[in-house]
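Q: Just dropping this structure here.
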Amino acid sequence: MSAALSPGMAALALFGVFFVLLVARVPVAFALGLACLPILVLEPRLSPMTLFNETFKAYNAFILLAVPFFLLTANLMNVGGITDRLVRLSRTMVGHFPGALAQINVLLSVFFAGISGSSTADAASQSKIFIEAQVKEGYGLSFSIAITAVSAVLAVIIPPSILMIVWGGVISTSIGALYLAGIIPGLLIALAQMVTVHVYSKIYHYPVYPRSTLREFFVAAWQSLPALFTPFIIVGGILLGWFTPTESAAIAVIYAALLSIFIYREMDLRHLHEACAETGRLASVALFCVGTASAFGWLLAYYQIPRALLENVTSWGLGPIGVGFFIAFAFLVVGCFLDAIPAIIIVGTTLQPLAASVHMHPVHFAIIGIVALAFGLVTPPYGLCLMISCAVAKVPLKFALKDTMIMLVPMLLMLAAIIVWPEIPLFLPRLISPDFLK
Amino acid sequence: MKKLIGWYHRLLTRLMVATVAILVIPVTLQIISRYTALIPSWIWTEELSRFLFIWMVMLGAMIGIREHSHFEVDVWPELSARANALLRIVSYAFVLVFALVFIWWGIEFVRFGWDQLSELAELPMPYIFIAWPLAGVTWVIFVGESFVADWRVLRAPPG
Chain A
54 MSAALSPGMA
64 ALALFGVFFV
74 LLVARVPVAF
84 ALGLACLPIL
94 VLEPRLSPMT
104 LFNETFKAYN
114 AFILLAVPFF
124 LLTANLMNVG
134 GITDRLVRLS
144 RTMVGHFPGA
154 LAQINVLLSV
164 FFAGISGSST
174 ADAASQSKIF
184 IEAQVKEGYG
194 LSFSIAITAV
204 SAVLAVIIPP
214 SILMIVWGGV
224 ISTSIGALYL
234 AGIIPGLLIA
244 LAQMVTVHVY
254 SKIYHYPVYP
264 RSTLREFFVA
274 AWQSLPALFT
284 PFIIVGGILL
294 GWFTPTESAA
304 IAVIYAALLS
314 IFIYREMDLR
324 HLHEACAETG
334 RLASVALFCV
344 GTASAFGWLL
354 AYYQIPRALL
364 ENVTSWGLGP
374 IGVGFFIAFA
384 FLVVGCFLDA
394 IPAIIIVGTT
404 LQPLAASVHM
414 HPVHFAIIGI
424 VALAFGLVTP
434 PYGLCLMISC
444 AVAKVPLKFA
454 LKDTMIMLVP
464 MLLMLAAIIV
474 WPEIPLFLPR
484 LISPDFLK
Chain B
6 MKKLIGWYHR
16 LLTRLMVATV
26 AILVIPVTLQ
36 IISRYTALIP
46 SWIWTEELSR
56 FLFIWMVMLG
66 AMIGIREHSH
76 FEVDVWPELS
86 ARANALLRIV
96 SYAFVLVFAL
106 VFIWWGIEFV
116 RFGWDQLSEL
126 AELPMPYIFI
136 AWPLAGVTWV
146 IFVGESFVAD
156 WRVLRAPPG
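Protein chains in written order, with this note's numbering: chain A, 54 to 491; chain B, 6 to 164.
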């Protein structure tokens, strides 16, 4: 292939223009698209039509439909009273721990994660519920923002998960296996967060609620039961081959809508309209970025830049654990600047040969990547969940930075554990459906 | 003028909400048709949902510029209102370039698909491709409005 530009030149042009535009505060989606332009014009074999073909191809993927569906599920949960019931249930379970409200915040994220697959939706809804309430009870504002944002990342680690659906679609890995593999890592990270809250609460003497009676717990659990059933429908339906992952997201929407209308009876047409508008807004700006990122990724592949970048790494002679840490590091760095879906498209495909070269299990590779990218949702300058929580609290992003970084430390230790012990993610899929791992 | 743009913005929002609301239907039909004989298994449900989805993304991307909801990376310290306005003029100038690209090559994109029909439902593809140049035109309008507002902030006496 004789390209007019050398790979090095092309890489410089792509990344150079992209970063300059980011600094000029051009929206990320537009910066990615604009970064492609000089090359598309200069390279005689290409034309700006590539930009259109690639964006069209990206949006024309059935798999991405899961994104609006999971957002809509989350929004329906909020307007339809499901979230309120889960808050009550969480209150009866962890309300008597130190830092009660913050513990409820984390536990609710776990429940939420099992129903919705979108961390941004989690951050948006829980910021509204918790930040103000926590500050009123005497928690630090920065702590409240940080714990809301970091617990929101659980939504993409615990199934269902938008990122796993995209990963499975782009890098052809079994989504059923990814779902099962995400459960234990997700719960471990939630545990790490609860320990963090505990330590904070001991230091700062955060308030405690009176212990709920067993009866209250059972009443709350009974009321939440239909909602808590959702993850089993979704994951079970996929494992049994009833529906595809994207279809399962549509099932989640319908189930949430039915619960809101018939069981909890809190939704009317105005709420429905609100939920749809909110969903459309968030889904489309996130997905528009996927289109331009695909064009950007396509150009990287056209000039074989990933191969050039990775040639060095392969020669380092890293073992599986070394490669695991390298992959996590790469995703963490990229996650600071890119949204997770474009990062999977651009970086996930790049790193796959590296992971394969040390015989890392594709599911293990996926979980390392997804967890690292999930952490990227709270790392600046581009950490969507943290941006959303700060926006709700009306403070600049750097206000909550220190507490967020402190909370990330135990979470990063969990990521390290996942890298060192592949059994953590692989145990459940091996136990429940070994076929999916082949 | 502002009223007109506001009206156009609301129209686009309504259309986007409609695409979100309708989107669930074809996917549900697809699942139901697989398991029951209640409805025939229409093969184009998948294609229809994809096309609605494309329109949802493009409509949302259009109004995102007016609502300033496209995600940005902010590396600047807190800026004054004037500096903010200036920076926004610079960044939206780049968005304007992108919008013009979408119009110019978008028209070519529509022409290229002029005689194409979709694979399953045999829908004319220009119905889909037209979203790209339309997005370009819409961005030009919204960016223009934003320029005017930011220009006023810059011209206003400091303090």
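Ideal placement from N, C-alpha and C gives every residue a C-beta, glycine not left out.
Is the segment 139-152 of chain A touching the segment 324-343 of chain A in the sense that three or more CB pairs, one from each, lie closer than 8 angstroms?
A: Not touching, per the Cβ criterion.
Q: Could you check whether tryptophan 137 of chain B and threonine 108 of chain A sit closer than 9 angstroms to each other, using their CB atoms as the reference points?
A: Here the question's residue 108 of chain A lines up with position 55 in the first sequence. Here the question's residue 137 of chain B lines up with position 132 in the second sequence. It is a contact, given that the beta carbons lie within the stated cut-off.
Q: CB leucine 118 of chain A to CB threonine 345 of chain A, shorter than 9 angstroms?
A: Residue mapping note: residue 118 of chain A aligns to position 65 of the first sequence, counting from 1. Residue mapping note: residue 345 of chain A aligns to position 292 of the first sequence, counting from 1. In this structure, threonine 345 of chain A does not lie closer than 9 angstroms to leucine 118 of chain A by Cβ.
Q: Taking only runs of the alpha helix (DSSP H) that begin and end inside the segment 247-334 of chain A, which ones reach a length of at least 4 residues, in chain order?
A: The qualifying runs are 267-281, 283-292, 298-311.
Q: Who are the near neighbours of glycine 193 of chain A in its chain, counting only those whose CB is closer than 8 angstroms to its CB and skipping five residues on each side?
A: Here residue 193 of chain A is taken as the residue at index 140 of the first sequence, counted from 1. Only Tyr257, Asp456 meet the Cβ criterion.
Q: In terms of residue numbering, what span does the alpha helix (DSSP H) encompassing tryptophan 12 of chain B cover?
A: Within the second sequence, residue 12 of chain B is the residue found at index 7, counting from 1. Tryptophan 12 of chain B -> alpha helix (DSSP H) spans 7-40.
Q: Using beta carbons (cut-off 9 angstroms, strictly below), is asparagine 113 of chain A in contact with chain B?
A: Numbered from its first residue, the first sequence carries residue 113 of chain A at position 60. Interface residue, yes.
Q: If we ignore side chains and look at the alpha-carbon of each, how far apart do arginine 498 of chain A and leucine 154 of chain A end up?
A: No statement about residue 498 of chain A is possible, as the shown extent of chain A runs from 54 to 491 and does not include it.
Q: Report the neighbours of valine 79 of chain A on chain B: residues whose CB is nearer than 7 angstroms to its CB, in chain order.
A: Along the first sequence, read from residue 1 onward, the residue named residue 79 of chain A stands at position 26. Simply Ser96, Phe99, Val100.
Q: Along the chain, where does the alpha helix (DSSP H) containing lysine 189 of chain A start, and where does it finish?
A: Here residue 189 of chain A is taken as the residue at index 136 of the first sequence, counted from 1. First-last of the alpha helix (DSSP H) with lysine 189 of chain A: 185-189.
Q: Just checking my contact of threonine 18 of chain B with tryptophan 60 of chain B at CB under 8 angstroms: how many whole Å lie between their CB atoms?
A: The residue you call residue 18 of chain B lines up with position 13 of the second sequence. The residue you call residue 60 of chain B lines up with position 55 of the second sequence. About 13 angstroms; that fails the 8 angstroms criterion.
Q: Nearest to alanine 469 of chain A by alpha carbon, out of A:Leu391, A:Leu450, A:Ile420?
A: In the first sequence, counting from the first residue as 1, residue 469 of chain A sits at position 416. Of the candidates A:Leu391, A:Leu450, A:Ile420, the one whose C-alpha sits nearest the C-alpha of alanine 469 of chain A is A:Ile420.
Q: List the endpoints of the continuous alpha helix (DSSP H) containing methionine 130 of chain A.
A: Numbered from its first residue, the first sequence carries residue 130 of chain A at position 77. Looking at the DSSP string, the run of the alpha helix (DSSP H) that includes methionine 130 of chain A is 119-132.
Q: So aspartate 392 of chain A contacts chain B; which residues on that side make the cut at Cβ distance below 8 angstroms?
A: To locate residue 392 of chain A, count along the first sequence from 1; it is residue 339. What aspartate 392 of chain A touches in chain B: Phe76.
Q: Compile a chain-ordered list of the residues in the segment 178-205 of chain A whose CB is closer than 7 angstroms to at least one CB of chain B.
A: Correct list: empty, as no residue qualifies.
Q: Who are the Cβ neighbours of valine 145 of chain B in its own chain at under 6 angstroms, not counting the five residues just before and after it?
A: As a working note, residue 145 of chain B is residue 140 in the second sequence. Closer than 6 angstroms at the Cβ level, and outside the excluded window around valine 145 of chain B, lie Ala104.
Q: Could you name the residues of chain B that glutamate 300 of chain A contacts, counting a contact when the two beta carbons are closer than 8 angstroms?
A: In the first sequence, counting from the first residue as 1, residue 300 of chain A sits at position 247. Chain B residues near glutamate 300 of chain A: Val32, Gln35, Ile36.
Q: In or out: tyrosine 356 of chain A buried (at least 16 other Cβ within 10 Å) or exposed?
A: Against the first sequence, residue 356 of chain A aligns to sequence position 303. Buried, by the Cβ-count rule.
Q: Classify methionine 130 of chain B: buried if its beta carbon has 16 or more other beta carbons within 10 angstroms, exposed otherwise.
A: Position 125 of the second sequence, counting from 1, holds the residue named residue 130 of chain B. By the 10 Å Cβ count, methionine 130 of chain B comes out buried.
Q: In whole angstroms, what separates the C-alpha of glycine 86 of chain A from that of glutamate 190 of chain A?
A: For the purposes of this step, residue 86 of chain A is identified with residue 33 of the first sequence, where counting begins at 1. For the purposes of this step, residue 190 of chain A is identified with residue 137 of the first sequence, where counting begins at 1. Looking at the two C-alpha atoms, the distance is approximately 46 angstroms.
Q: Exposed or buried, what is methionine 6 of chain B when buried is set at 16 or more other beta-carbons lying within 10 Å of its beta-carbon?
A: The residue given as residue 6 of chain B occupies position 1 in the second sequence. Classification for methionine 6 of chain B: exposed.
Q: Can you tell which of B:Leu64, B:Gln35, B:Met63 has the C-alpha that lies nearest to the C-alpha of threonine 50 of chain B?
A: As a first step, residue 50 of chain B is located in the second sequence; it is residue number 45 there, counting from the start. When each option's Cα is compared against that of threonine 50 of chain B, the closest is B:Gln35.
Q: Secondary structure at leucine 122 of chain B, three-state DSSP: helix, strand or coil?
A: Start at 1 with the first residue of the second sequence, and residue 122 of chain B comes out as number 117. DSSP places leucine 122 of chain B in strand when its eight states are reduced to three.
Q: Give a yes or no on whether the minimum CB-CB distance between isoleucine 195 of chain B and chain A is below 9 angstroms.
A: Beyond the ends of chain B as shown, which are 6 and 164, falls residue 195 of chain B; an answer cannot be given.
Q: Put proline 129 of chain B into one of helix, strand or coil per three-state DSSP.
A: Within the second sequence, numbered from 1, the residue matching residue 129 of chain B stands at position 124. Of the three classes helix, strand and coil, the one that applies to proline 129 of chain B here is strand, per DSSP.
Q: Please report whether the beta-carbon of arginine 324 of chain A lies at a distance below 9 angstroms from any beta-carbon of chain B.
A: Residue 324 of chain A sits at position 271 when you count from the first residue of the first sequence. For the sequence presented, residue 324 of chain A should be read as histidine rather than arginine. No - not a single Cβ of chain B is within 9 angstroms of the one on histidine 324 of chain A.
Q: Looking at the structure shown, is glycine 145 of chain A part of a helix, part of a strand, or coil, going by DSSP?
A: Here residue 145 of chain A refers to the residue found at position 92 when the first sequence is read from its first residue. The sequence shown places threonine at residue 145 of chain A, rather than the glycine named in the question. Of the three classes helix, strand and coil, the one that applies to threonine 145 of chain A here is helix, per DSSP.
Q: Identify the contact partners of serine 54 of chain B in chain A, using a Cβ-Cβ distance below 8 angstroms as the criterion.
A: One-based indexing of the second sequence puts residue 54 of chain B at position 49. Under the 8 angstroms cutoff, chain A gives Phe115, Leu118.
Q: Can you round the beta-carbon distance between tyrosine 97 of chain B and serine 151 of chain B to whole angstroms, since I take them to be within the 8 angstroms contact cut?
A: The sequence position of residue 97 of chain B within the second sequence is 92, counting from 1. The sequence position of residue 151 of chain B within the second sequence is 146, counting from 1. Their Cβ separation, rounded to whole angstroms, is 5 angstroms, which keeps tyrosine 97 of chain B and serine 151 of chain B in contact under 8 angstroms.
Q: Candidates A:Val70, A:Ala310, A:Pro101: which alpha carbon is nearest alanine 127 of chain A's?
A: Numbered from its first residue, the first sequence carries residue 127 of chain A at position 74. If we check each option's Cα against that of alanine 127 of chain A, A:Ala310 comes out closest.
Q: How do the segment 73-84 of chain A and the segment 62-82 of chain B stand: do at least 3 beta-carbon pairs fall below 8 angstroms, yes or no?
A: Segments in contact, yes.
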